[in-house]
Each structure stands twice: as structure tokens, then as C-alpha cells.
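> Quick one: this structure, given as C-alpha cells, is what I'll be asking you about.
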Amino acid sequence: MTSSLGSELTELIPLALVITLSPLSVIPGILMLHTPKPRPTAVAFLVGWAIGIGGLTAGFVAISNALDGLNRQPTWAPHLRIVIGAALILFGLYRWFT
């Protein structure tokens with residue numbers, strides 16, 4: 000159980016870093032510096048951000064615990080991931096060239 004949890008955490012850490020360093024969290028920080036009272040605004044933003052991330056994390060953990068009996072993925076799931084990935088690549092190429 001511990002090894003699977005560790006492997007899942009190592010897969011999730013890069014995604015968490017991307018979310019943390021995304022422009023959606025940097026831009027409000029820059030905008031808060033230009034407010035008349037930047038310190039209270041920044042503290043309120045930080046508290047709201049932490050509560051939002053914590054609430055979403057708790058919700059998704061609760062959902063994953065509720066779905067504990069579904070340990071195996073369906074046999075068609077890898078094929079669907081490949082099809083969706085190929086479609087996204089084609090869409091990206093289409094958007095790039097048009």
C-alpha cells in the first residue's frame with residue numbers, strides 16, 4: 000500500500016508544481032502589489048487560495064476513497080487515452096497552422 004501511494008505522489012508532485020507556479024497565481028500577486036493596502040489584500044488572497052486548494056483536495060480525496068472498489072481500469076481505457084492524445088495533437092497542429 001505504501002509503495003503505490005509513494006508512486007502516486009511522485010506522479011502528482013510535478014503537476015502540483017505546475018499548478019502552483021502557473022500564471023493564474025502569479026498575476027494576482029503582481030496586481031495585489033499595486034493596491035492601496037497590499038499586505039491585507041495579499042493575506043486575504045493567500046488564505047482564500049489555501050482554503051480553496053485544501054477544500055478541493057479534501058473533496059477529491061473523499062471521492063477517491065468512495066471509489067475504492069474500482070482498482071482496475073477498463074481494458075479500453077489505454078486505447079481511449081491514445082485516441083484523445085492523438086486528437087489533441089492534431090487539433091494543436093491545426094491551430095498552429097491556421
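Residue numbers are given in numbering that gives the first Met the number 0: position 22 of the sequence shown equals residue 21, and the series is strictly consecutive. The beta carbon of each residue, even a glycine, is placed where N, CA and C say it ideally should be.
DSSP three-state label for arginine 38, please.
Here the question's residue 38 lines up with position 39 in the sequence shown. Note: arginine 38 maps to helix in three-state DSSP.
> May I have the straight-line CA-CA distance separating isoleucine 81 from tryptophan 95, to the nearest angstrom?
Along the sequence shown, read from residue 1 onward, the residue named residue 81 stands at position 82. Along the sequence shown, read from residue 1 onward, the residue named residue 95 stands at position 96. Taking the straight line joining both Cα atoms gives about 21 Å.
> What separation, rounded to the nearest whole angstrom, lies between the Cα atoms of leucine 16 and serine 24?
On the sequence shown, position 17 is the one that residue 16 refers to. On the sequence shown, position 25 is the one that residue 24 refers to. Computed Cα separation, rounded: 12 Å.
> Just to check my reading of the structure: methionine 31 and proline 37 have Cβ atoms closer than 8 Å, yes? What is that Cβ distance to the nearest angstrom?
Locating residue 31 in the sequence shown gives position 32, counting from the first residue. Locating residue 37 in the sequence shown gives position 38, counting from the first residue. That pair is a contact at about 5 Å.
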